[in-house]
Amino acid sequence: MRIARNVATLGAVTALTVGATAAFTATASAAPNVTPQGVCGKAYKTVNSVPVGSLGTVYLTYNSANGQNCVATIRTNPGSAKPMSTYIYVPATDAWAGDDGNFTSYAGPAYVYGKGYCVSWGGHIANVYVSVENSNCAALREQRTTEVR
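Each residue of the sequence shown is one higher than the one before, starting from 29 at the first, in the numbering used here.
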């Protein structure tokens with residue numbers, strides 16, 4: 029009886045160890061769930077976006093409480109570091125902010141005060157560049173450009 033109990037205990041410990049290892053391995057290798065609000069902040073609502081080919085998306089967000097815009101370039105499939113950027117520019121005030129470098133999942137955040145102004149914004153992932161000019165204002169027509177370099 030004692031041997032049966034020891035074998036049962038060893039079997040239970042082995043099952044727990046294998047199960048825990050599988051659970052932690054799956055969690056560690058899972059891609060992060062990056063959102064524009066996770067990058068810019070919970071108070072920022074997405075007001076516009078532009079795809080960066082199939083590689084990801086540049087998001088324009090706005091916080092109505094403080095009048096700030098934020099941009100973030102987020103990869104569709106995070107992985108090894110790639111050249112990425114994000115930027116935002118307010119022509120009327122000459123305010124500019126950006127972020128660039130080699131990133132595994134996103135570039136940003138970049139913030140500017142944009143309440144009541146047209147903004148130009150964009151970014152890139154690898155060799156695909158996007159820009160949106162005269163965005164989010166009634167006075168001018170938005171112009172979108174995608175370029176592969």
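All C-beta atoms in this analysis are idealised placements derived from N, C-alpha and C, irrespective of residue type, glycine included.
Assuming Arg172 contacts Val156 under a Cβ cut-off of 8 Å, what Cβ separation, rounded to an integer in Å, is found between them? For this step, residue 172 is matched to residue 144 along the sequence shown. For this step, residue 156 is matched to residue 128 along the sequence shown. About 13 Å; that fails the 8 Å criterion.
Exposed or buried, what is Glu175 when buried is set at 16 or more other beta-carbons lying within 10 Å of its beta-carbon? Translated into positions along the sequence shown, residue 175 becomes position 147. Burial check for Glu175: the Cβ neighbour count within 10 Å stays below 16, so the residue is exposed.
Comparing C-alpha positions only, which one of Pro79, Ser77, Gln96 sits nearest to Val143? Position 115 of the sequence shown, counted from the first residue, corresponds to residue 143. One point to set straight first is that residue 143 is Lys, not Val, in the sequence displayed. Of the residues Pro79, Ser77, Gln96, the one whose Cα lies closest to the Cα of Lys143 is Gln96.
Specify the secondary structure class of Cys98 as computed by DSSP and reduced to three states. Along the sequence shown, read from residue 1 onward, the residue named residue 98 stands at position 70. Assignment of Cys98 by DSSP, reduced to helix, strand and coil, places it in the strand class.
Determine the burial state of Lys110: buried for a count of at least 16 other Cβ atoms within 10 Å of its Cβ, exposed for fewer. Taking the first residue of the sequence shown as 1, we reach residue 110 at position 82. Around the beta carbon of Lys110, 16 or more other beta carbons lie within 10 angstroms, which makes this residue buried.
Mind listing, in chain order, the continuous beta strand (DSSP E) runs of no fewer than 3 residues lying wholly within the region 142-169? 147-153, 156-163, all fully within the region 142-169.
Does Leu88 pass the burial test, meaning 16 or more other C-beta atoms within 10 Å, or should it be called exposed? Against the sequence shown, residue 88 aligns to sequence position 60. The residue in question, Leu88, is buried, as its Cβ has 16 or more Cβ neighbours within 10 Å.
What residue range is occupied by the uninterrupted alpha helix (DSSP H) comprising Val67? Against the sequence shown, residue 67 aligns to sequence position 39. Per DSSP, Val67 belongs to the alpha helix (DSSP H) from 64-68.
Give every residue of the same chain whose Cβ lies closer than 7 Å to the Cβ of Leu83, excluding the five residues on either side of it in the sequence, and list them in chain order. As a first step, residue 83 is located in the sequence shown; it is residue number 55 there, counting from the start. Apart from the 5 residues on each side of it in sequence, Leu83 sits with its Cβ closer than 7 Å to the Cβ of Arg103, Thr104, Ile153, Ala154, Val156 in its chain, given in chain order.
I'd like to know whether the C-beta atoms of Thr101 and Val118 end up nearer to each other than 8 Å. Numbered from 1 along the sequence shown, position 73 holds the residue referred to as residue 101. Numbered from 1 along the sequence shown, position 90 holds the residue referred to as residue 118. Contact flag unset, no.
Look at Asn91 and Tyr72 and say whether their C-beta atoms are less than 8 Å apart. One-based indexing of the sequence shown puts residue 91 at position 63. One-based indexing of the sequence shown puts residue 72 at position 44. Yes, Cβ-Cβ distance for Asn91 and Tyr72 is below 8 Å.
Relative to the alpha-carbon of Asp128, which residue among Val78, Ala93, Gly150 has its alpha-carbon at the smallest distance? The residue labelled residue 128 in the question sits at position 100 within the sequence shown. Checked all of Val78, Ala93, Gly150; the closest Cα to Asp128 is Gly150.
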